[in-house]
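Q:
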Amino acid sequence: KNVKSFKELFYILNKKNVFFGIFPEGELNKKAGFKKFKKGAAYFSYKTKLPIIPIYMHNTNRGSDSKRWILTNRITRGIISLIINAFRKINIFIGEPIHPMAENIIEDCLDYQKDKSIL
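If you count by the working numbering, then the sequence shown holds residues -7 to 111, one letter each, in order.
(1) Closer than 8 angstroms by C-beta to Asn51: which residues in its own chain qualify, once you throw out the five before and the five after it? Chain order, please.
(2) Measuring straight from C-alpha to C-alpha, what distance separates Pro89 and Pro43?
(3) Within 10 angstroms of its Cβ, does Phe36 collect 16 or more other Cβ (buried), or is it exposed?
(4) Given 7 angstroms as the limit, tell me if Ile45 has its C-beta closer than that to any heavy atom belonging to the ligand GTP.
(5) Give the DSSP-derived three-state secondary structure of Asn9 in the structure shown.
(6) With Phe85 as the anchor, note down where its beta strand (DSSP E) starts and where it stops.
(7) Rounded to whole angstroms, what is the Cα-Cα separation between Thr40 and Tyr3?
(8) Going by DSSP, name the residue or residues bridged to Ile44.
(9) Look at the Cβ atom of Ile45, then the Cβ atom of Gly87, and state whether they are nearer than 8 angstroms.
Written out as structure tokens, the structure reads:
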């Protein structure tokens, strides 16, 4: 969906050895549980032949309430979320890399999301 961002990432990957993260839900989820996964991360992995390294960040579900008029600006929401979470303990779990060998990697990721929501 965001073609410009993908083109920039492809360009950067061809020039430098970098690490970057993509939220499979399209944004940082501030609520418990999962939102619907989008196809961008799986598509990018497939096109670049780079593995997906699943990372789960626990205790990041506090953030600003974007329904208030002052918090409609993304920068303001980000700054407030940083302040709220500045002294909280956040646990980060890193899974095994998922290599983009299968033609159906997008379906595999969606199946994984469904399995996790059952737990």
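For glycine and all other residues, C-beta sits at the position ideal for the given N, C-alpha and C.
A: To lay it out plainly:
(1) Arg80, Lys81, Ile82, Asn83
(2) 6 angstroms
(3) buried
(4) Judged by which ligands are present, the structure shown has none, so any question about the ligand GTP falls away.
(5) coil
(6) 83 to 86
(7) 11 angstroms
(8) Ile90
(9) yes
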